[in-house]
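Quick notes on the structure that follows.
In the numbering used here, the protein residues as written are 45 to 560.
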C-alpha cells in the first residue's frame, strides 16, 4: 500500500526506522526480529524518501517570489465545499478512461474525503464503473460482493471491510472509506441493471496465503481435479504462508516456487478460457464470469507475490518495480474484463502519490524505479489522468515503527524548499484550499516546472527525520495533470481502537517490538 524510500521493502524500512541497518536493500540483512515485525506487511511505506541523498546534502532549491505566488493564485480554483468544487477537474478528465487519484499520506481525512467526492461525481456524471485500490485483491473482493449486493455474510460497510485486518488497518478501515463504501452500495441498489453496478477491486500483491486459499477454493467448486493439481503446486509455499517475508531467505534461485506459481495461472487460465464458466444454480452468467476472473487474478497475485518476496533477499529488479508492474498489469486485466460485451470500462484508482504521479518526473527515475502512474501514461496516453494531493501542516494518522498501532501525529510545517511551502504562500494570499489543473495550461505549468522537494508520508511518519525520511525531488507539472492543495489537514479516524497485536496480525513477536 504505501510507497517506500528508495521505496523500500517493509523489513528494510523497519531497519531504517529502528536504526538497525542500512536503508539499501542490497546491503542490509534483516534480523529475525525485524522480519517477524513484518509478518503482516500489506504495504511498503515512503519512510525514507531521499535515502539516496545523505542528510544535509544540497538539493535543488527554487526561490519563491511574489510574482510566482500570484501566477498560481490566478490559476487556482478555490475548494470551498461547494458541490461544483471539482468542475475544472471533471472538465480535464473529459472522456478519459482512467483517473488515478493519489494522496500525500495514508492517514489524512481530507485526502480521503476529496477523493471520495471526486469519485462519486466520476461515477454519476462520467459513467465510471469501477474503483481500484492500492489494496489486496481478496480483501477488496469481499467489499466488491457487498457493494454489488452479492454478499451473504455482510450487512454493513464496516462488516465488509473486516478482511482489512493486517497492518496498516487504518488505511482502508477508517470512517471515510466506510462512508464511501456505504454510498457505493446504495448507488448500486438504485442501479436497474446488475451489469451496470460499480465494482470495488484491489491491485496489490501482499496476499499470498489468502490468494492461494481463494484459488483452491474456487477450483474445488468447478473442477476437483484442477483443485488437487493446483494444490500440489501451491504446497511449495507451505513453509512460508505465515511469514511470506521469509521466502527467498531459505529458497535459492533453483529451489524457488516460481514454476509452481506459473503453473497455477496456466491451470486457471485453461478453465477460464473455456467458452463460459458454468453458472451455479440460479447464478447469473456474469457472476460466474466474475468469479472465474477473480480466481485468475488471485493466481496472478501468487505469481507476483512470489517474485516480490524472492526479490526482497535475492536482488535483481527493485521490488518497488515488481510491485508497481503487478498493479499496472492487474489494472489492465481489470479493464479488459470489464470491457466484455462491447462496453468500454472507466476506472478510478486510489493509491499513494508515489504510485500515482509519473515516476519519470521525480528522483525515483534516477534510482531505476518506475510506478503505476508512469506505466498508465505509457500504455494509455491521455486516457490516463493523474491527480495528486499536497498539504502544509496539520495532523496525520500514522505509526512510528512497522506493524505498530497508529497515533494521531502533528505534521510539521513543510520545509521552505518544497512545493507544499510554496502552496502555503499561495494559501496565505488566496484560497486556503485549491485545485490546480496543469495539463494544457502553459502558464501555471511553466511556473512550477523547476524542480522542488515534495513531501510523502506513508504509514510511518518520522518527523524527527523529516527531510531525510519524507521528501523527494519532483517536477510537479510533469508528475501530475492536476493537484489539490489542502493547507491544513487532519488524521483519519480508524474504525478499530489501536492495538499492537491487531496491527501485527496477531503476531505477538511483532507486537512486542511496539514497546507497549
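From the three backbone atoms N, C-alpha and C, an ideal C-beta is built for every residue, glycine too.
- Taking a 10 Å sphere around the C-beta of residue 351, we find 16 or more other C-beta atoms and assign the residue as buried.
- Contact annotation, residue 173 with residue 390: C-beta distance approximately 6 Å; criterion of less than 8 Å satisfied.
- When DSSP assignments are scanned along the segment 124 to 176, the uninterrupted stretches of beta strand (DSSP E) that are 3 or more residues long and fall wholly within it turn out to be 142 to 145.
- Here the alpha carbons of residue 409 and residue 468 stand approximately 27 Å from one another.
- Looking only at 142, 309, 392 and 166, the smallest Cα-Cα distance to residue 128 is reached by 166.
- In this chain, the alpha helix (DSSP H) harbouring residue 467 covers 463 to 473.
- Counting only residues of its own chain and dropping the five nearest sequence neighbours on each side, residue 308 has a CB closer than 7 Å to the CB of 259, 274, 277, 278, 343 and 346.
- Taking C-beta atoms as the reference points, residue 205 and residue 187 count as a pair closer than 8 Å.
- Residue 358 counts as exposed, since fewer than 16 other C-beta atoms from the protein chains shown sit within 10 angstroms of its C-beta.
- Closest in C-alpha terms to residue 245, from the list 530, 395 and 466, comes 395.
- Linking residue 114 to residue 444 through their CA atoms gives a straight-line distance of about 38 Å.
- Contact between the segment 405 to 421 and the segment 528 to 544 is absent: fewer than 3 CB-CB pairs across the two stretches fall below 8 Å.
- In the structure shown, residue 481 adopts extended strand secondary structure according to DSSP, grouped into three states.
- Look at residue 396 here: in three-state DSSP terms it is coil, with no helix or strand label.
- Per DSSP, residue 453 is one residue of the beta strand (DSSP E) stretching across 451 to 455.
- Residue environment analysis places residue 265 among the exposed positions, since fewer than 16 neighbouring C-beta atoms fall within 10 angstroms of its C-beta.
- 525 is the residue among 537, 558 and 525 whose C-alpha sits nearest the C-alpha of residue 140.
- For residue 213, the secondary structure class from DSSP, reduced to helix, strand or coil, is helix.
- Within its own chain, the residues whose Cβ lies closer than 7 Å to the Cβ of residue 452, once the five positions on either side in sequence are excluded, are 439, 441 and 535, listed in chain order.
- In this structure, the beta-carbon distance from residue 368 to residue 142 does not fall below 8 Å.
- Approximately 5 Å separates the beta-carbon atoms of residue 455 and residue 437; this is inside 8 Å, confirming the contact.
- Shown here, residue 363 sits in a helix according to DSSP, grouped into three states.
- Around the beta-carbon of residue 384, fewer than 16 other beta-carbon atoms lie within 10 Å, marking it exposed.
- A direct Cα-to-Cα measurement between residue 474 and residue 156 gives close to 24 Å.
- Separation of residue 121 and residue 523 (C-alpha to C-alpha, rounded to the nearest whole angstrom) is 19 Å.
- Distance from the CA atom of residue 315 to the CA atom of residue 268, rounded to whole angstroms, is 12 Å.
- When DSSP states are grouped into helix, strand and coil, residue 385 belongs to the helix group.
- In the pairwise beta carbon analysis, the segment 216 to 232 is classified as touching the segment 147 to 162: at least three pairs are separated by under 8 Å.
- Under the DSSP definition of a beta bridge, residue 537 lacks any partner.
- Counting every other CB atom within 10 Å of its CB across the protein chains shown gives residue 334 a total of 16 or more, marking it as buried.
- Scanning 149, 235 and 197 for the CA closest to the CA of residue 168 turns up 235.
- Nearest Cα to residue 537 within the set 218, 229 and 116: 218.
- Bounds of any beta strand (DSSP E) do not take in residue 224; it lies within the alpha helix (DSSP H) bounded by 219 to 233.
- Exposed is the label assigned to residue 200, since fewer than 16 other Cβ atoms lie within 10 Å of its Cβ.
- Cβ-Cβ distances below 6 Å link residue 415 to 368, 399 and 403 in the same chain, with the five nearest sequence neighbours on each side left out; the list follows chain order.
- Across the set 247, 147 and 202, the C-alpha of 247 shows the shortest separation from the C-alpha of residue 373.
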